[in-house]
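Contents: one structure, followed by commentary.
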Amino acid sequence: MKDYENAIEINGVTKRFDGFTLDNVSFNVAKGSIMGFIGQNGAGKSTTINTVLNILTPDSGDIKVFGMDNREHDMEIKAHISAVFDELPFHDVLNANDINIILKEVFSEWDSSVFSEYLDRFSLPRRKKFGEFSKGMKMKLQIAAALSHNAKLLIMDEATTGLDPVVRNEILDIFLEYLQDEDHSILMSSHITSDLEHIADSVTFIDKGRILLTGYKDDITGSHGLMRCSLSDYREIDKGDFISARLSDYGADVLIDRRDEMSVKYSGAVIDPVSLEDIMLYYVNREKKEWK
Amino acid sequence: MMKGLLYKQLVLSRKSLLLSVSMLAVFLLAEALVLVSLRAGNLARFEDAVEIEEALYNLFLLLATAMAFGSCVSDHDAVASDYGCKWNMFSYTIPVKAETIALAKILWMAGGYLIGGVVAFANYLVLLMSSGRAFDINEVWMMFGIGLFIAISECIRVPLVYRFKSSAVANGIVLGIMCVVTIVLAIAVNVYDLPDLSPDVIAEILDDVISTVGFALPIVTIAAFVVSYIATVGAIKRKVI
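Heads up: the sequence lines are chains A and B, in that order.
With our numbering applied, the first sequence covers 397 to 688.
With our numbering applied, the second sequence covers 21 to 261.
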């Protein structure tokens, strides 16, 4: 595998379905980084991930993984990636020993001892059928399998959804450990933005099939702000200066995307830092402009 | 790679396979006892004892052969359960080609066909010993003809499950095809009374067919697996998720 700058490069990908279009999606996942891919349910996260994994063929645009076209070098790419889904994709009658036997034959770089170490670390039984596993155990098993064949890229589709905070934190720690190797990268889709707040280097926000924001997380949260003002002050703000505003009887919370400029223009206004969740919420309501 | 997929198929089929084999063993014991009992003269007081014995022999041969081939050739709903647990989705993310997945399926069915043949032949020997009949090569061909019929239905069913993500739809289509073929054949032959498809009549039909076109059996068998392989590869490449 030749050297590459971005683990994933998506350029102008469009995929049309009846009632939904993934519209001209473009973003990169830098090598050695973790990108959070956020958006509400049905926004197009899984569709985008499926095009990256070459499960869906886009109508237009191109995708490179490790610098290679994802359709031309399908097998070569798949030997070095791991996909983790929200549900365990293994049959209930199988156990961890069976998975070791099956995946050892599938991945040339499968390491049974690494898999065994993860099983021990996660306290996962080897002979117990997956049908008897809890959701947390299933996710840990999936991650153990994903990390046991020297994958250079982890693609996670809502993998932490439905897990309790303890298990989620345990898994997020594993990801941070995985990223200690500068060749490793992660694309992690989630609508639980608090997870990404902790670990993501960069963030891409998709809504209704379109990319609204993509870039370094700190740049995005740094450039946005939540202006808190009275309703009368809110009426003075130009409509073009904010994304959307949440109105209540006590005043208005207004999301702005040019924080420095706005703090000069509206000097004296209180502008608080924003979380990814706030950004997602206000962007989703951008067409309404005002909401309660 | 192939070993891993075959191992998975074995684990998924294990329970159903054991159950089928156990049922077959019980059936084998029961049919042997019945035939031995008949041979000992338990129906001697009936006028049509010979016809009853003949009908039972044919029934046992047909059922046991169908059970042997059916349990060995079947994929035991593994494809449908792949969809049920998202394994199919996962399989598109690992470095395994559609051709390899399809070949593993076909090898499983072809291997099952051979093992089913051995089991059916063993059953045939038990039947011969129990009934005191002489070995008849046409009956062996007929057994493999039944096996082929089951193998063809499975060869059609597997790509259909990949296509429709459902065993129910695939089974319905296969059943429909089998009904149409049976009716068309019966009408075409225009010899046998269609409503009276009792086991001995079916055996007679198969006997006639085998004695006429028996030489084509291996060719048809291989062709069925090859066509199924091509159709399965096509269905997997459609990436129905």
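Glycine is no exception: its CB is placed at the ideal position from the N, C-alpha and C atoms.
DSSP places A:D615 in the uninterrupted alpha helix (DSSP H) bounded by K613 to S619. Bounds of the alpha helix (DSSP H) holding B:F80 are A69 to V93. Taking the Cα positions, B:R177 is about 25 Å away from A:I498. Under the 8 Å criterion on CB atoms, B:L38 is classed as non-interfacial with respect to chain A. Here DSSP, grouped into helix, strand and coil, assigns B:F164 to helix.
B:A130 and A:I430 have their C-alpha atoms some 46 Å from each other. For A:I498, the closest Cβ of chain B is nearer than 8 Å.
Rounded to whole angstroms, the separation of the alpha carbons of A:D649 and A:Y678 is 10 Å. With a contact defined as Cβ atoms closer than 8 Å, B:A98 and B:S33 qualify at about 6 Å.
Around the beta carbon of A:M584, a 10 Å sphere encloses 16 or more other beta carbons of the protein chains shown; the residue is thus reported as buried. Just so you know, the alpha carbons of B:M162 and A:D553 end up roughly 53 Å apart. Rounded to the nearest whole angstrom, the C-alpha separation of B:G24 and A:I495 is 9 Å. In summary, the residues of the region 428-452 of chain A whose CB is separated from some CB of chain B by less than 8 Å are N446, L449, N450, I451 and L452, in the order they occur in the chain. Taking 8 Å as the CB threshold, A:H487 lines the interface with chain B.
Under the DSSP definition of a beta bridge, A:F601 partners with A:I434 and A:L609.
The C-beta of B:W161 comes no closer than 8 Å to any C-beta of chain A.
Here the C-alpha atom of A:S508 lies approximately 26 Å from the C-alpha atom of A:L559. With a threshold of 16 other beta carbon atoms within 10 Å, A:N491 meets it and is buried.
Contact annotation, A:V489 with B:V31: C-beta distance approximately 7 Å; criterion of less than 8 Å satisfied.
Straight through space, the alpha carbons of B:R65 and B:V189 are spaced by roughly 49 Å. Interface flag for B:V31 against chain A is set, since a Cβ pair is found closer than 8 Å. Inclusion of A:I451 and B:I261 in the CB contact set at 8 Å is warranted, their separation being smaller than that value.
Here the region 581-597 of chain A makes contact with the region 430-449 of chain A; the two share three or more CB pairs at distances below 8 Å. C-alpha of A:A426 to C-alpha of B:P238: approximately 57 Å in a straight line.
Looking at the DSSP output, A:K441 sits in no beta bridge, so it has no partner there.
Within its own chain, the residues whose Cβ lies closer than 7 Å to the Cβ of B:H96, once the five positions on either side in sequence are excluded, are L32, S33, S36 and L37, listed in chain order. If only complete runs of 3 or more residues are kept, the region 417-505 of chain A shows the beta strand (DSSP E) at 430-434, 456-461 and 477-480, in order along the chain.
By the Cβ-count criterion, B:I207 is exposed, with fewer than 16 other Cβ atoms from all chains shown falling within 10 Å of its own Cβ. Contact annotation: A:T600 and A:V670 have beta-carbon atoms that are not nearer than 8 Å.
Between A:A555 and A:V480, the C-beta gap is smaller than 8 Å, which places the two residues in contact. In the displayed model, B:C105 falls within coil according to three-state DSSP, outside both helix and strand. For the region 104-127 of chain B, the set of positions with a beta-carbon nearer than 9 Å to some beta-carbon of chain A reads G104, C105, K106, W107, N108, M109, F110, S111, Y112, T113, I114, P115, V116 and K117 in chain order. Setting aside the 5 residues that flank it on each side, A:L515 is surrounded in the same chain by A492, R522 and A540, each with a C-beta closer than 7 Å to its C-beta; the list follows chain order. Boundaries of the alpha helix (DSSP H) harbouring B:V56: M22 to R59, taken from the DSSP string. Beta-bridge partners of A:A648 (DSSP): A:C625 and A:L643. Counting C-beta atoms within 10 angstroms of its own C-beta, B:A60 has fewer than 16 neighbours from the protein chains shown and is therefore classed as exposed.
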